[in-house]
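Participant: Residue numbers (the numbering used here): 731 to 1019.
Backbone N, C-alpha and C define an ideal beta-carbon position, used for all residues, glycine too.
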Ligand code: KIV
């Protein structure tokens, strides 16, 4: 278990012992060789410095997902998320991590207009946060943009299948690929993003056999979420995985029940404040004797 010393002037937290080199996009890409990934890639979302510190030793990649719109800001979808939000949280996660590659989501409206718009947004995100990669949603329609970015020094993670920024065209957050035509489209999207040079591809909310087939077909590692255990890695929204919400998608496994534990701790604090049993001598300053 690491401990941290925080430099309050820079907010930089130095772990002790200091871990080795940070993961890179080529190192993640190289985890899949000859269509196989011996060691599955571990990815979780992080939006804050402290959460990044706690997750970093266990993850290959930390994703500053635009899911922060719902998780942190209580927005109804990812659509209203701004560049300012992504840059502020991205910088905090980079400051709180040492080992994992940090990737930041490109918010809706910051990249779809043209490759040039995408380059301006992605380069701003990288300059302001210090992250090593960006993620953007879309398959064939985004292939030219992914190629443009990767040829200009920006490692890109693709995101296909259920793409939450397209909720208004998809009509909801249901699993994708139930119909044959849609299943074929997801596979063509995966191939297009792979050929365009994405160093890995998030496949979200698709029928299990599509995710397995995509994983076997493309050369880049496939990171599943609501996909298949056969993917080259997995990602979850950390707050979902920790049990912070009562309602989560079917594909979420709760590894803890933090909502109950926080509720219990808040209730215990409130009771002690009301009965004046907190603070005690241990938590108060008294003249030295
Ligand atoms: O925004 C996000 O958190 C994501 C993951 C769910 C993959 O895109």
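First and last residue of the beta strand (DSSP E) that includes residue 888?
Facilitator: 886-891 is the extent of the beta strand (DSSP E) around residue 888.
Participant: Tell me which same chain residues have a C-beta within less than 7 Å of the C-beta of residue 810, skipping the five on either side of it?
Facilitator: Closer than 7 Å at Cβ, skipping near neighbours: 799.
Participant: Would you give the residue range spanned by the alpha helix (DSSP H) that residue 847 belongs to?
Facilitator: 845-859 is the extent of the alpha helix (DSSP H) around residue 847.
Participant: Since residue 865 sits in a beta bridge, which residues does DSSP pair it with?
Facilitator: Answer by DSSP bridge pairing, in chain order: 835, 887.
Participant: Tell me where the alpha helix (DSSP H) around residue 900 begins and ends.
Facilitator: From DSSP, the alpha helix (DSSP H) with residue 900 extends over 897-900.
Participant: Enumerate, from N- to C-terminal direction, the unbroken alpha helix (DSSP H) stretches of 4 or more residues contained entirely within the region 939-979.
Facilitator: Listed in chain order, the complete alpha helix (DSSP H) runs (minimum 4 residues) inside the region 939-979 are 968-971.
Participant: Using a Cβ-based criterion (distance less than 8 Å to any ligand heavy atom), does residue 889 qualify as near the ligand KIV?
Facilitator: Correct: residue 889 has its Cβ closer than 8 Å to the ligand KIV.
Participant: Among 970, 944, 871, which has the Cα closest to the Cα of residue 959?
Facilitator: Minimum Cα distance to residue 959 is reached at 944.
Participant: Would you give the residue range spanned by the alpha helix (DSSP H) that residue 930 belongs to?
Facilitator: Unbroken run through residue 930 is the beta strand (DSSP E), 930-934; no alpha helix (DSSP H).
Participant: Going by alpha carbons, who is nearest to residue 961 out of 751, 770, 752, 867?
Facilitator: For residue 961, the nearest C-alpha among the options comes from 770.
Participant: Determine the contact status of residue 895 and residue 838, defining contact as a CB-CB distance below 9 Å.
Facilitator: Contact flag set, yes.
Participant: Taking DSSP as the reference, what is the three-state secondary structure of residue 1004?
Facilitator: If DSSP states are grouped into helix, strand and coil, residue 1004 belongs with the helices.
Participant: For residue 811, report the span of its beta strand (DSSP E) as first-last.
Facilitator: It is not in any beta strand (DSSP E) - residue 811 carries neither H nor E in the DSSP assignment.
Participant: Considering Cα atoms alone, identify which of 976, 867, 767, 925 is closest to residue 881.
Facilitator: Answer by Cα proximity: 925.
Participant: Is any beta-carbon of chain B found at less than 9 Å from that of residue 788?
Facilitator: Considering every chain present, this structure includes no chain B. It has just one protein chain.
Participant: For residue 1016, is the classification buried or exposed, using 16 other Cβ atoms within 10 angstroms of its Cβ as the cut-off for buried?
Facilitator: Exposed: under 16 other Cβ atoms inside 10 Å.
Participant: Hey, quick one: how far does the alpha helix (DSSP H) through residue 798 stretch, first residue to last?
Facilitator: Per DSSP, residue 798 belongs to the alpha helix (DSSP H) from 798-801.
Participant: Which residue comes first and which comes last in the beta strand (DSSP E) that contains residue 772?
Facilitator: It spans 771-775 - the beta strand (DSSP E) in which residue 772 sits, taken as one unbroken run.
Participant: Distance check for residue 950 and residue 796, CA to CA, integer angstroms please.
Facilitator: Going by the C-alpha atoms only, they are around 23 Å apart.
Participant: Within 10 angstroms of its Cβ, does residue 1005 collect 16 or more other Cβ (buried), or is it exposed?
Facilitator: Classification for residue 1005: exposed.
Participant: Do you know offhand how far residue 955's Cα is from residue 999's?
Facilitator: Cα to Cα, residue 955 sits roughly 37 Å from residue 999.
Participant: Would the beta-carbon of residue 963 fall within 9 Å of that of residue 790?
Facilitator: In contact: residue 963 and residue 790 (Cβ atoms closer than 9 Å).
Participant: For residue 880, name the three-state secondary structure that DSSP assigns.
Facilitator: Three-state result, residue 880: helix.
Participant: Which two residues bound the contiguous alpha helix (DSSP H) that contains residue 982?
Facilitator: No alpha helix (DSSP H) holds residue 982; DSSP gives it neither H nor E.
Participant: Over the uninterrupted alpha helix (DSSP H) stretch that includes residue 785, give me the two end residues.
Facilitator: 779-785 is the extent of the alpha helix (DSSP H) around residue 785.
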